[in-house]
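Here's the structure we're looking at; comments come further down.
There are 2 protein chains.
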Amino acid sequence: MSIRIVALAGGVGGAKLANGLAQVIPAGQLTVVVNTGDDFTHFGLHICPDLDTVCYTLGGLANPETGWGLVGESWRVLEGLKALGAPTWFHLGDCDLATHLERTRRLSQGERLSEVTQSFCSAWGIAHTVLPMSDDPVATRIISAEEGELAFQQYFVERRCQPRVTGFRFEGIEQAKPAPGVIEALETADAVVFCPSNPWVSIDPILAVPGIRERVAAKPVVAVSPIIGGKTVKGPAAKMYAELGIEPSALAVAEHYRSFLGAFFMDPVDIEHAMKIERWGIMSMVTNTIMSAREDRVRLA
Amino acid sequence: MSIRIVALAGGVGGAKLANGLAQVIPAGQLTVVVNTGDDFTHFGLHICPDLDTVCYTLGGLANPETGWGLVGESWRVLEGLKALGAPTWFHLGDCDLATHLERTRRLSQGERLSEVTQSFCSAWGIAHTVLPMSDDPVATRIISAEEGELAFQQYFVERRCQPRVTGFRFEGIEQAKPAPGVIEALETADAVVFCPSNPWVSIDPILAVPGIRERVAAKPVVAVSPIIGGKTVKGPAAKMYAELGIEPSALAVAEHYRSFLGAFFMDPVDIEHAMKIERWGIMSMVTNTIMSAREDRVRLA
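If you read the protein sequences in the order shown, they are chains A and B. When the first sequence is numbered by my numbering, its final residue is 301 and no position is left out of the sequence of numbers. When the second sequence is numbered by my numbering, its final residue is 1301 and no position is left out of the sequence of numbers.
Next comes the structure, spelled out in structure tokens:
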């Protein structure tokens, strides 16, 4: 198969499908473009949660139980931080910390995030191309009813997605340029895959980087619904749809992406929406989209 | 004993004597003022090697074999850094990293180094007062014959003190103010102790902070020679004297501090220098100054 694919991905769900794609598409023909709107600075370190989750998963290093973090992780540093009364809401594992430290060091030396990512991928034995959506800082801000604007990780980890969402803002997005390679990969792609990541805070930020949306729109796009039977496997996507006054469903996701979509994958439990989506001129593919086991990733890919 | 003491200290040797003093002087009567000229930024973290060595030693947390670092330390992060090809010349232990991370976080929130140090001391159960010489950044630069100016840690750890020293520069010293409490402690002190630390790069930077030298000069000063029989127990002090054209000896140290000294402690092997030092009007105290065991620290103190 010499089809060239660009996959847009956020965290855990996106990483799983990216991993499935990586097993069926030869290296050199798959580019995974990853959301960096979740990136933040913590303890002075530059942390890229989605990029790390995708790379750890592609490298076979991810903790299979949590979906994030590293397998065989230890927590000595975090214990030390606790003893000092430091904030420990973001779980910094010892091995994971090495990634954050070395990335921070290289960025401070003037390397670009995409260069650092490439070098890490090579250290982790990842043959496929992983690109941050941009080398420029973009910060996803959650606008909440009760608490105003929150930084994404503050909302997502520290506040456990509890604040009610009224909107989103991608700080810095107007000035952000696609990372080197993103536009080239999109222009030579045969198709673009929206992984089952959060449409609001994982896929939308990528599409919002100036130059990406129109390149994606020019290609056949396939999306996999992150919402199954009105719920998400992980993360706040369904809760966000509900809080924004939209019934959370595979249909809502298809509508979210409607202007792009050529085909839409949803779970058999969502078959009721298939006809409506077909009427929008989008091919409805009904298949098991839950990727519990490794084989599920490959099958779906 | 209600004598009030201020001890000036650098790293390992200074920390040992400070620890001895802490065991014979009640809390509230001992202030240890620590060199921060060795401080540096590594992987984005603010690292204070001397301050940490003194605190870990006073808190009974220091690794007894190395003199620096923490007892029971683990090295998971460092292994991860190695795997990424990161520089590993500075040994970042997992538990030690918690200190650097939390200090970096607090400083970035606007706390002062002296405040952070006080809070850490309280977490580590240290009853005596430990103060950085200054909250302002001072960077000891080593001027070398072959390689020009080197940052201190680069010289000390990365280059293992190999470059030949021709001089020193304390960058930022003119703008540095003594940390809150330093001047007060000196003004109410009955005596000042120069711990057996490196005169050039541990004690001199402290004395060079504007306002400290004249307060120290107004008090009885006692120094302990870090040079024994022409050699140091640890560190490059003797090598530095030699490279600067001064024969390394207890006598050279006494001469270094001559304008301050009331009394000078040296090892029995250096008894040949006692008469000369006495002739300068400085009391020569000859006693075993090597602090191998815990009891040695107390006895010397």
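Quick reminder that beta carbons are idealized off the backbone N, C-alpha and C, glycines included.
For this session: Within the same chain, show all residues whose beta-carbon is closer than 8 Å to that of Ser74 (chain A), passing over the 5 residues directly before and after it, in chain order.
Result: Gly93, Asp94, Cys95
For this session: Indicate whether at least one CB of chain B lies closer than 8 Å to the CB of Gly44 (chain A).
Result: yes
Exercise. Taking 8 Å as the CB-CB limit, is Asp1094 (chain B) close to chain A?
Worked result: yes
For this session: Identify the contact partners of Leu113 (chain A) in chain B, using a Cβ-Cβ distance below 9 Å as the criterion.
Result: Those do not exist, as Leu113 (chain A) stays about 15 Å from chain B at its closest Cβ, beyond 9 Å.
Problem set entry | CB contact below 8 Å: Val1071 (chain B) versus chain A | Judged by the 8 Å Cβ criterion, Val1071 (chain B) is not in contact with chain A.
For this session: Using a Cβ cut-off of 8 Å (strictly closer), state whether Gly1067 (chain B) contacts chain A.
Result: no
Exercise. Would Ile130 (chain A) count as contacting chain B if we go by Cβ distances under 8 Å?
Worked result: The residue asked about is misnamed: residue 130 (chain A) is Val in this sequence, not Ile. No, its Cβ sits nowhere closer than 8 Å to a Cβ of chain B.
Exercise. Mind checking if Val1138 (chain B) is an interface residue toward chain A, Cβ cutoff 8 Å exclusive?
Worked result: no
Exercise. Does the Cβ-Cβ distance between Gln1261 (chain B) and Val1286 (chain B) come in under 8 Å?
Worked result: In the sequence as presented, Gln is not what sits at residue 1261 (chain B); that position holds Leu. For Leu1261 (chain B) and Val1286 (chain B), no; Cβs fall outside 8 Å.
Problem set entry | Whole-number beta carbon distance between Val1138 (chain B) and Gly1037 (chain B), since they are thought to touch under 8 Å | 5 Å
Exercise. Quick one: what does DSSP say Ala1127 (chain B) is sitting in, helix, strand or coil?
Worked result: coil
For this session: Mind checking who Leu45 (chain A) pairs with in its DSSP beta bridge?
Result: Under DSSP, the beta-bridge partners assigned to Leu45 (chain A) are A:His42.
Problem set entry | Those residues which DSSP pairs with Gly167 (chain A) across a bridge | A:Ile143
For this session: Classify Glu102 (chain A) as buried or exposed, calling it buried when 16 or more other Cβ atoms lie within 10 Å of its own Cβ.
Result: buried
Problem set entry | Within-8 Å CB hit, Ala1083 (chain B) to chain A | yes
Problem set entry | Given Ala1007 (chain B) as reference, the closest of B:Thr1232, B:Ala1185, B:Leu1107, B:Gly1059 once Cα atoms are compared | Of the candidates B:Thr1232, B:Ala1185, B:Leu1107, B:Gly1059, the one whose C-alpha sits nearest the C-alpha of Ala1007 (chain B) is B:Ala1185.
Exercise. Given a limit of 9 Å on CB to CB distance, which residues of the stretch 1163-1176 of chain B reach chain A?
Worked result: none
Exercise. Along the chain, where does the beta strand (DSSP E) that runs through Ala191 (chain A) open and close?
Worked result: 191-194
Exercise. Given that a residue counts as buried once 16 or more other Cβ atoms are within 10 Å of its Cβ, and exposed if not, what is Lys16 (chain A)?
Worked result: buried
Exercise. Helix, strand or coil: how does DSSP classify Pro64 (chain A) here?
Worked result: Three-state DSSP puts Pro64 (chain A) in coil, outside helix and strand.
Exercise. Which residues in chain B sit within 7 Å of Gly110 (chain A), going by Cβ to Cβ distance?
Worked result: Result: empty, since nearest Cβ-Cβ is about 14 Å, beyond 7 Å.
Problem set entry | Start-to-end residues for the alpha helix (DSSP H) that takes in Leu1244 (chain B) | First-last for Leu1244 (chain B): undefined, no H or E at that position.
Exercise. Along the stretch 1241-1271 of chain B, what residues have a CB closer than 8 Å to any CB found in chain A?
Worked result: none
For this session: Taking only the alpha-carbon atoms, compute the straight-line gap between Val1193 (chain B) and Glu1255 (chain B) and give it to the nearest angstrom.
Result: 16 Å
Exercise. Taking Cβ to Cβ, would you say Ala90 (chain A) is nearer than 8 Å to His42 (chain A)?
Worked result: First, the amino acid is wrong: residue 90 (chain A) is Phe here, not Ala. In contact: Phe90 (chain A) and His42 (chain A) (Cβ atoms closer than 8 Å).
For this session: Determine whether the Cβ of Phe90 (chain A) lies closer than 8 Å to any Cβ atom of chain B.
Result: Chain B, which has no Cβ nearer than 8 Å to the Cβ of Phe90 (chain A), makes this no.
For this session: May I ask which residues mark the beginning and end of the alpha helix (DSSP H) holding Gly80 (chain A)?
Result: Where Gly80 (chain A) is concerned, the enclosing alpha helix (DSSP H) stretches over 76-83.
Problem set entry | Residue-chain proximity (Ala86 (chain A), chain B), Cβ-Cβ < 8 Å | Residue contact check for Ala86 (chain A) against chain B: a CB pair falls below 8 Å.
Problem set entry | Neighbour list for Ala1127 (chain B) in chain A, Cβ cutoff strictly below 8 Å | Correct list: empty, because the minimum Cβ distance to chain A is about 18 Å.
Problem set entry | chain A contact residues for Thr1104 (chain B), given Cβ-Cβ distances below 9 Å | Close partners of Thr1104 (chain B) in chain A (Cβ separation under 9 Å): Phe43, Gly44, Leu45.
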